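S.K.: Below you'll find the structure I mean.
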Amino acid sequence: AVETRMRELFDAELNLKDVPMDRAALEAAVQRADVLVPTITDEIDASLIAGAGEQLKMIANFGAGVDHIDIDAAVGRQIIVTNTPGVLTEDTADLAMSLILAVSRRIVEGAQVVAEGRFEGWTPTWMCGRKLWGKRLGIVGMGRIGQALARRAKAFGMQVHYHNRKPVSERIAEELGATYWDDLDQMLARMDVISLNSPATKETHHLLSAERLSLLQPHAILINTARGELIDEAALAEVVARRGIAGVGLDVYENEPAIHPGLIGHANVVLLPHLGSATLEARQDMGDRVILNVMTYQNGHRPPDRVIPAML
Ligand code: 8YV
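In structure tokens form, the structure reads like this:
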């Protein structure tokens, strides 16, 4: 439906199959397009932007994260950048909660047992996971998705803690019953579950370094539905190998779609193929949001989801 509307509204060249778009095709596209609609897999770096034609006035990203776009370079060329925040918040928070449940209750492992015909009865200690009720969840990055996850976790009886550049408003902190940690290291060392929900920026690259990963408690589980770059993936593979962590749930990877081989094949590591916003509804809404941003700009107004460097 989004495709049809795009064709109706604009002189649109749609490339939905070739993902990521071939570099030469991308270079050719910025030579003739007024508006570029990339996805996360398209690297919109400074050299691509430098090679763009004068007519390129807008980059309307299909997705919330804009780490694949050099915003400074775009702003330098007076190209407006927009994204699609808000419309994928609940779905991504659902996926983070699903991973927390899947890892703590060994859901994927259990399904595998049945699928392979290995369910031959139970014993009181067979396939026991860990209780969530009353456990401490530490959310790293308390933006829209972090807060939506906090609401879910609270409903599951978890105690919500978070680290963020600054505390959330008192009203939200009270609603979520959330405790703020200024010091990330201290929070990491005390949580039962950690969920990463921050954007990937220069500052958050390898936020979970080898050093920080070693602060996690051996019974802790780590969830990442944000961006792979937040974790030193090779260091995480080592932590998994030495059983320095109880479980891991990942939807995103440092070099997507490649995954560090050391993370594959462990019963306590659940790996998903970047499904955070993968619902028909969210993808439709993301497309509609792109259209709204482009139309608003075309009509001479400020697009609602404009991204500026100060926001990053
Ligand atoms: C998408 C995402 O899969 O919005 C984001 O930042 O990571 C996901 O929703 C992707 O961005 C689509 O381009």
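The UniProt record's numbering numbers the first residue of the sequence shown as 17 and each following residue consecutively. Yeah, the Cβ is synthetic: ideal placement off N, Cα and C, and Gly gets one too. Here the structure is a predicted model, which means the values were calculated and not measured.
(1) If you measure from the CB of G81, is any heavy atom of ligand 1 nearer than 7 Å?
(2) I want to check one thing, is the minimum distance from the CB of I56 to the heavy atoms of ligand 1 below 7 Å?
(3) Taking the straight line between their C-alpha atoms, what separation do you get for residue 5 and A62?
(4) Helix or strand or just coil, what does DSSP make of N240?
(5) Using a threshold of 7 Å, is the CB atom of L165 nearer than that to any non-hydrogen atom of ligand 1?
(6) R122 by DSSP, collapsed to three states: which one?
(7) Find out if the Cβ-Cβ distance for the pair R243, A274 is shorter than 8 Å.
(8) Using a Cβ-based criterion (distance less than 7 Å to any ligand heavy atom), does G244 qualify as near ligand 1?
(9) Between which two residues does the alpha helix (DSSP H) containing T20 stretch?
(10) Could you check what DSSP says for L64 in three-state terms: helix, strand or coil?
(11) Grouping DSSP H, G and I as helix and E and B as strand, with all else coil, what is R259?
(12) Give me, in chain order, the residues of the same chain whose beta-carbon lies closer than 7 Å to that of P320; leave out the 5 immediate sequence neighbours on both sides.
(13) Relative to the C-alpha of G159, which candidate in R181, A171 and I65 has its C-alpha closest?
(14) Once DSSP output is grouped into helix, strand and coil, what is the label at V129?
(15) Could you check the C-alpha separation between A89 and I60 for me, to the nearest Å?
(16) Going by beta-carbon coordinates alone, are T220 and S211 separated by less than 8 Å?
(17) Going by Cα to Cα distance, which pick from G92, G263 and E227 is closest to A251?
(18) Pick out whichever of I324, D27 and P140 has its Cα sitting closest to the Cα of R48.
(19) For the beta strand (DSSP E) containing I155, name the first residue and the last one.
(20) Just mark Q94 as buried or exposed, buried being the case when its beta carbon has 16 or more other beta carbons within 10 Å.
(21) Verify the contact flag: S211, CB atom, against every heavy atom of ligand 2, threshold strictly below 7 Å.
(22) I need the DSSP call for L231, collapsed to helix, strand or coil.
(23) What is the DSSP secondary structure of Y269, counted as helix, strand or coil?
(24) Taking the continuous alpha helix (DSSP H) assigned at T312, which residues delimit it?
(25) Please state whether the Cβ-Cβ distance between T100 and R322 is less than 8 Å.
(26) Taking the alpha-carbon of W149 as reference, which of R168, I161, E136 and I155 has the nearest alpha-carbon?
M.R.: Straight from the coordinates:
(1) Yes, ligand 1 has a heavy atom inside 7 Å of this Cβ.
(2) Between ligand 1 and the CB of I56, the shortest heavy atom gap is smaller than 7 Å.
(3) Past the edges of the chain, shown from 17 to 328, lies residue 5, and the structure says nothing about it.
(4) In the structure shown, N240 sits in a strand (DSSP, three-state: E or B).
(5) No, ligand 1 has no heavy atom inside 7 Å of this Cβ.
(6) Judged by DSSP in its simplified three-state form, R122 adopts coil rather than helix or strand.
(7) A distance of 8 Å or more separates the beta carbons of R243 and A274.
(8) Answer for G244: no, Cβ out of range of ligand 1.
(9) According to the DSSP assignment, T20 belongs to the alpha helix (DSSP H) that extends over V18 to L25.
(10) When DSSP states are grouped into helix, strand and coil, L64 belongs to the helix group.
(11) DSSP places R259 in coil when its eight states are reduced to three.
(12) Closer than 7 Å at the Cβ level, and outside the excluded window around P320, lie L308, N309 and T312.
(13) Nearest of R181, A171 and I65 to G159, Cα basis: R181.
(14) Residue state, collapsed to three classes: helix.
(15) Cα to Cα, A89 sits roughly 10 Å from I60.
(16) S211 is positioned such that its CB atom lies no closer than 8 Å to that of T220.
(17) Minimum Cα distance to A251 is reached at E227.
(18) Looking at the Cα atoms, D27 is the closest of the given residues.
(19) Segment R152 to V156, the beta strand (DSSP E) holding I155.
(20) With a 10 Å radius around the Cβ and a threshold of 16 neighbouring Cβ atoms, Q94 comes out exposed.
(21) Ligands present in the displayed structure are limited to ligand 1, and ligand 2 is not among them.
(22) In this structure, DSSP gives L231 a state outside helix and strand, which the three-state scheme calls coil.
(23) Residue state, collapsed to three classes: coil.
(24) Segment L296 to Q314, the alpha helix (DSSP H) holding T312.
(25) T100 is not a Cβ neighbour of R322, given a cutoff of 8 Å.
(26) Looking only at R168, I161, E136 and I155, the smallest Cα-Cα distance to W149 is reached by R168.
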